[in-house]
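Take any residue in the sequence shown, count from 1 to its spot, add 1207: that is its number in the numbering used here. Idealized CB from N, CA, C, for every residue including glycine. None of these values were measured; they are calculated from a predicted model. Worksheet: one structure, shown below.
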Amino acid sequence: MGMPRTGTTLVEQILASHSQVFAAGELQNFPLQLRRRIDRGPGPLDASAMARSALQPLAGLGQHYLDSTRPRTGHTPRFIDKLPLNFLYLGLIRKALP
1208 MGMPRTGTTL
1218 VEQILASHSQ
1228 VFAAGELQNF
1238 PLQLRRRIDR
1248 GPGPLDASAM
1258 ARSALQPLAG
1268 LGQHYLDSTR
1278 PRTGHTPRFI
1288 DKLPLNFLYL
1298 GLIRKALP
């Protein structure tokens, strides 16, 4: 997790030098999968949308996220998604990807 201009690109490059890690950059996949899960169209996920997402079962959200990244990340065991706004979803990410 990192905010813009804090060295996340350097850390990503260092980690991606390992053969089992892919540097995927800033992926929009998690927010997109979350929007689909709560039946929300484009636009920001505001407080009411996030509250609704907390009421939804998270079973499958993590797998849908991983599946949606595979066209870009291939089948490397690990990849880096350094989208800065992922900090907003950290609690949901933790539950969806145990």
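| Check | Outcome |
| --- | --- |
| Just tell me which of G1298, I1221, G1232 has its CA closest to the CA of L1290. | G1232 |
| So, under 8 Å CB-CB, D1274 and L1234 are touching, yes? Tell me the CB distance rounded to an integer number of Å. | D1274 to L1234, Cβ: 13 Å. No contact. |
| In whole angstroms, give me the CA-to-CA distance for A1303 and P1238. | 12 Å |
| When the Cα atoms are used, what is the spatial distance from L1222 to V1228? | 7 Å |
| Buried or exposed: where does T1280 fall if 16 or more other Cβ atoms within 10 Å of its Cβ makes it buried? | buried |
| So, is R1301 buried or exposed, given that buried needs 16 or more other C-beta atoms within 10 angstroms? | exposed |
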